[in-house]
Amino acid sequence: PPVVTVRPENITINETEEFLLLCEYDANPASLESVRWKLNGNVIWTGQSDRFEGGHAEQTALLVKNASRTDSGLYTCELSNAIGNDTSDNEINVVVQYVPTVELDMDPESPIVENRASNVTLYCNVVKGNPTQLLKVRWFLDGQLLKELPECVPDETNGEDEDLCEIDPSKMLLQNVGRDFLGNYSCEGLNAAGWGPRSREEELVVYYEPGNASIHHHPPIPIKRKSVTLSCTVDDGGNPNATRYRWLRGHKSVMDVVTPMWTVDPVGLDSRTNFSCYAYNEGGEGNPATVQLDVHAPPAFIQKLPPYTGALYATQNISLACRVECIPRCNISWFKDGVGIEEFNERYEVSNKYMEADPSTGDFESTSSTLVSFVFFFLDSL
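Below you can see the structure in the form of structure tokens.
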């Protein structure tokens, strides 16, 4: 039977190229009855595809066109003549290289909180490809080329900067990740077969706190016993957009109000204080705004005049008093029988006293006014 050998020993090509397998023999008789090529021990049916040429008794060599990754493996050749058959005692190792298919991974996974100043490493991992080693990687942000690694810069003395050339191009470090790093990242890799397709985009989500707050209130001058609506706005809602707010009355948190608007009803003495608000989200707390309400109180009697007042006959004077709450400070006028009493009058004396606010009763500042009427007795001469 034939004594068969195949060559070359190794073939490395890229997908879509062609390669030639040689099958040589020594036989007597020299005429062959059949030729069979095998890939990893399985017969290749050369007549069933136009990708193959040869591989028969007239032409033992086999030409494989438009190579694909499934053509990789060990090839042997089996020949037979009238005496018998034999398979080559050696093999041809064929390696078909193809461009890498990659996917992008992040560590740690997003979302990232800006104020933690975290680092994020991007990985361009080979899912399919031969060889699997990436020689270069292009990194993209929102579809725009961000960087190509390695960044080998020609050097006049050493030819190339070794430090830049020796890095692993499949990794890229993002340091102190903040809002400027927001976006969709992707990559594509180069191996010995060429550049592969770009990976699917992966979003890097960065949480950051809302911006500065501002407070407005309506009406501009709150009135006692009525309502005032406070509105909290921010110049930047942060990420994710802030929908929750914290309010402080004085220095105490108002736990049951988390909306950007708060209606205080009714307005009282305890409303004359600082009100603060700020927005917050998963990224942190924004800078607060503070406003102090200047609450006004319309004139209102805290102490009214009694409907009737009496005095003994011999009494030399009679006094009446009332107390009126009002902000801003108001003047008190006295009347007798509907006629105003002049301030400077020999029969009457009016004294006013300013009273501080009283938190125990909720009364604002007030004025206590006292009217003293002098009584004159004239005796007829006998």
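Just so you know, full-length UniProt numbering puts 356 at position 356 of the sequence shown, and the rest follows in order with no gaps. Backbone N, C-alpha and C define an ideal beta-carbon position, used for all residues, glycine too. Bear in mind that the values here come from a model prediction, so they are computed numbers and not experimental data.
- Membership of residue 105 in the beta strand (DSSP E) is indicated by the continuous run 92–107.
- Under the Cβ criterion (8 Å, minimum of three pairs), the region 223–235 does not count as touching the region 96–104.
- Looking from the CA of residue 108, the closest CA among 297, 93 and 176 belongs to 176.
- The C-beta distance from residue 324 to residue 349 rounds to 18 Å, too long to meet the 8 Å contact threshold.
- Contact between residue 321 and residue 370 holds: their C-beta atoms lie close to 5 Å from each other, under 8 Å.
- Just so you know, the alpha carbons of residue 141 and residue 115 end up roughly 22 Å apart.
- Bounds of the beta strand (DSSP E) holding residue 183 are 183–191.
- Annotated three-state conformation of residue 152 is coil, per DSSP.
- Assignment of residue 22 by DSSP, reduced to helix, strand and coil, places it in the strand class.
- At a Cβ-Cβ threshold of 8 Å, residue 87 and residue 76 count as neighbours.
- The DSSP-derived three-state label of residue 271 is helix.
- Residue pairing for residue 78: DSSP places it in a beta bridge opposite 36 and 87.
- Annotation: residue 45 is outside any beta strand (DSSP E) and is labelled neither H nor E by DSSP.
- Counting along the chain, the unbroken beta strand (DSSP E) around residue 262 starts and ends at 261–264.
- Each of 4, 184, 319 and 96 was checked against the Cα of residue 84, and the nearest Cα belongs to 4.
- Comparing alpha carbon positions, the residue from 317, 336, 47 and 304 closest to residue 367 is 304.
- In the DSSP assignment, residue 322 falls within the unbroken beta strand (DSSP E) covering 317–327.
- Residue burial annotation: residue 354 is exposed, with fewer than 16 other C-beta atoms found within 10 angstroms of its C-beta.
- In this structure residue 359 touches residue 269 by the C-beta definition: roughly 6 Å separates them, less than 8 Å.
- The C-beta of residue 276 has 16 or more other C-beta atoms within 10 Å across all chains shown, which makes the residue buried.
- Restricting attention to 8, 352 and 93, the CA atom closest to the CA of residue 40 is found in 93.
- By DSSP's assignment, residue 60 forms no beta bridge with any residue.
- When the Cα atoms are used, residue 207 and residue 215 turn out to be separated by approximately 24 Å.
- Considering only 318, 213 and 113, the residue with the shortest C-alpha distance to residue 178 is 113.
- Taken through DSSP and simplified to helix, strand or coil, residue 115 comes out as helix.
- Here residue 318 is actually not in contact with residue 363; their C-beta atoms are around 27 Å apart, not less than 8 Å.
- By a beta-carbon distance limit of 8 Å, residue 279 does not contact residue 15. Their separation comes to about 55 Å.
- Distances from the CA of residue 235 to each of 340, 244, 212 and 273 were compared; the closest alpha carbon is that of 212.
- Straight-line spacing of the CA atoms in residue 148 and residue 204 works out to 19 Å.
- Each residue's CA atom was taken as its position, placing residue 224 and residue 217 some 15 Å apart.
- The C-alpha of residue 182 is placed about 53 Å away from the C-alpha of residue 327.
- Between the C-alpha atoms of residue 258 and residue 333 there is a straight-line separation of about 47 Å.
- Here residue 64 is buried. Its C-beta has 16 or more other C-beta atoms within 10 Å.
- Comparing alpha-carbon positions, the option among 13, 335 and 282 lying closest to residue 237 turns out to be 282.
- Taking the CA atoms as reference points, residue 152 sits about 23 Å from residue 104.
- Within the same chain, 104, 105, 106, 107, 170 and 171 come within 8 Å of residue 123 by CB-CB distance, once the 5 residues on both sides are set aside.
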